[in-house]
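**Student:**
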Amino acid sequence: MLRQAPVETVMEDYPVKISVIIPMYNEEGNAPDTIARVEKLLQGTGEPFEIIPVNDGSTDHTLDILDEISSRDPHVRVVSYWKNGGRGKAIRYGFKAARGRYIVTIDADLSYDPEYIIQMAHVLDEESDIDVVLVSPYMEGGRTEGVPRNRLLVSWMGNKVLQLAMPEKIHTLTCIVRCYRSEVIGSLDLESDGKEIHLEILSKILAMGFHVREIPAVLTSRKKGASKFAFKSTAVSHLLFTIFERPTLLFGFLGVLAVIIGTGLGGYIVYLYSAGILNPNRPLITLMILFILGGIQILSFGFLATQVHFLRKEVLLNRRALAHLRRLALPDPDRAGASRSGPEQ
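With the sequence shown counted from 1, adding 22 to any position gets you this note's numbering.
#1: Spell out the partners DSSP gives Pro21 in its beta bridges.
#2: Have a look at Ala112 and Leu186 and give me their C-alpha separation to the nearest angstrom.
#3: Could you spell out where the beta strand (DSSP E) holding Ser102 opens and where it closes?
#4: On the premise that Ser158 lies in contact with His193, defined as a C-beta separation below 8 Å, what is that separation, rounded to the nearest angstrom?
#5: Just to check my reading of the structure: Ile91 and Val101 have Cβ atoms closer than 8 Å, yes? What is that Cβ distance to the nearest angstrom?
#6: Just to confirm my understanding: we take Leu132, look at its own chain, exclude 5 residues before and 5 after, and list those with CB closer than 7 Å. What are they?
#7: Using 8 Å as the threshold, is the segment 117 to 130 in touch with the segment 197 to 205, meaning 3 or more CB pairs across them?
#8: Three or more C-beta pairs closer than 8 Å, one from the segment 78 to 87 and one from the segment 36 to 55: is that the case here?
#9: Hey, how far is the Cα of Asp89 from the Cα of Asn340?
#10: Quick check on the DSSP output: what are the complete beta strand (DSSP E) runs of length 3 or more inside the segment 166 to 203, in order along the chain?
#11: Where do the ends of the beta strand (DSSP E) carrying Gly284 lie?
#12: Pick out whichever of Ala53, Thr166 and Asp95 has its Cα sitting closest to the Cα of Glu72.
#13: For a test of the three-state rule: what should DSSP assign to Ile311, helix, strand or coil?
#14: What does the alpha-carbon distance come out to for the pair Lys39 and Leu63?
#15: Could you tell me which whole alpha helix (DSSP H) segments of length 4 or greater appear in the segment 204 to 232?
#16: Please check the pair Leu321 and Gly277, which I expect to be a contact at CB under 8 Å, by giving their CB distance rounded to whole angstroms.
#17: Which residues in the same chain as Asp151 place their Cβ atom closer than 7 Å to its Cβ, once the five residues preceding and following it in sequence are excluded?
#18: Could you tell me the distance, in whole angstroms, from the CA atom of Gln141 to the CA atom of Arg109?
#19: Between Leu333 and Asn301, what straight-line distance do the alpha-carbon atoms span, to the nearest angstrom?
#20: Helix, strand or coil for Glu61? Go by DSSP, reduced to three states.
#21: What is the rounded straight-line gap between the Cα of Ile227 and the Cα of Pro37?
#22: In whole angstroms, what is the alpha-carbon distance linking Ile311 and Gly286?
#23: When burial is assigned at 16 or more other CB atoms within 10 Å of the CB, is Leu241 buried or exposed?
#24: Confirm, please, whether the CB-CB distance from Ala345 to Ser214 is below 9 Å.
#25: If you measure between the beta carbons of Glu267 and Met188, is that distance less than 9 Å?
#26: Could you tell me which residues DSSP puts in a beta bridge with Ile87?
#27: Mapping the DSSP letters down to three states, classify Val67 as helix, strand or coil.
#28: Taking Cβ to Cβ, would you say Ile87 is nearer than 9 Å to Ala119?
#29: Quick one: Cα of Gly68 to Cα of Ala239, how far?
#30: Around the Cβ of Lys191, are there at least 16 other Cβ atoms within 10 angstroms (buried) or fewer (exposed)?
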């Protein structure tokens, strides 16, 4: 059962400007320090805020620690479920519980300084045309410190491949540290349970016409706990995402390659025939026909997949418009006093 700490707090009396969502899975070593540092930073702004740690089915004492913190700290609202579901599920549950005008997601190990929360919110304050702010260690002005080379290489290469799938150039597509306007999250229907949720969110918000801004950041290595990075599953999900977003990359390449091979075989057959050495027992003509027709068919699949992709974009644009009309037609809900509950786990 999804469970939450009581929320009868001072924040019921006024809107919350910033909600900070922190997915946690076996983070007993990081939870107290992370929450303390984030809270100290946000208290300095003088703005109302809430911190939403999401216990993603931890098997250590993470939940006990979070419950103890929330029992004495009205700014902390715990969301928890018993079975580990992945970062995407934790973020989705955090989004459902968030009440802030700005919704921030960060990692539990503070690989990025929490100061970026303030910097991202400042961008949204100052630039009304920006809807989402991301941090990036790979853009100009950003850097990494102490990150293992193999993980850094995989991350860098993965982002380069994923950039092929995006309509805009974004240097870091997989980072969790982001700040969203609440209406952006309210327009989304998210499905991912794993880390691919970051890609799903970017894909959908760009298709909906929301505007994204990156700011340079410093990525540091994890100080406590074990890394949850899984190379195989991450690589597969990233490749599948790229193919889904840009089907012409795969179908176009394979289709054109097949047609070129078929055409080359045709030229070779003409040469053999003109030289009088064509062997009728060799299946060259059959191979030529198969390659050319197969290539044309693959290109047709690519065309159909591209049309489906454009149709999806239109659906997402309509969804954004409907969400906007709904906000205009209905009074703002008293989210500050609302307590959330989720499905049985």
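Cβ atoms here follow ideal geometry from the backbone N, Cα and C, with glycine treated the same way.
**Tutor:** Inspection of the coordinates gives the following:
#1: Past the boundaries of the shown model lies residue 21; the chain is included only from 23 to 367, so the question cannot be answered.
#2: 28 Å
#3: Val101 to Tyr103
#4: 4 Å
#5: Actually they are not in contact, since the Cβ atoms of Ile91 and Val101 sit about 13 Å apart, beyond 8 Å.
#6: Thr56 and Arg59
#7: yes
#8: yes
#9: Near 41 Å, if we compare the C-alpha coordinates of Asn340 and Asp89.
#10: 200 to 203
#11: Gly284 -> not in any beta strand (DSSP E); alpha helix (DSSP H) instead, spanning Pro269 to Ser296.
#12: Asp95
#13: helix
#14: Each residue's Cα considered, the two are about 14 Å apart.
#15: 204 to 208 and 219 to 229
#16: The C-beta distance from Leu321 to Gly277 rounds to 4 Å, short enough to meet the 8 Å contact threshold.
#17: His233
#18: 24 Å
#19: Those two C-alpha atoms are separated by around 49 Å.
#20: Correct three-state label for Glu61: helix.
#21: If I take the Cα positions, the gap works out to 25 Å.
#22: 11 Å
#23: With a threshold of 16 other beta carbon atoms within 10 Å, Leu241 meets it and is buried.
#24: no
#25: Yes, the Cβ-Cβ distance between Glu267 and Met188 is below 9 Å.
#26: Answer is none; Ile87 lacks a bridge partner.
#27: At residue 67 the sequence reads Thr, which differs from the Val that was named. Here Thr67 sits in coil by DSSP.
#28: no
#29: 24 Å
#30: exposed
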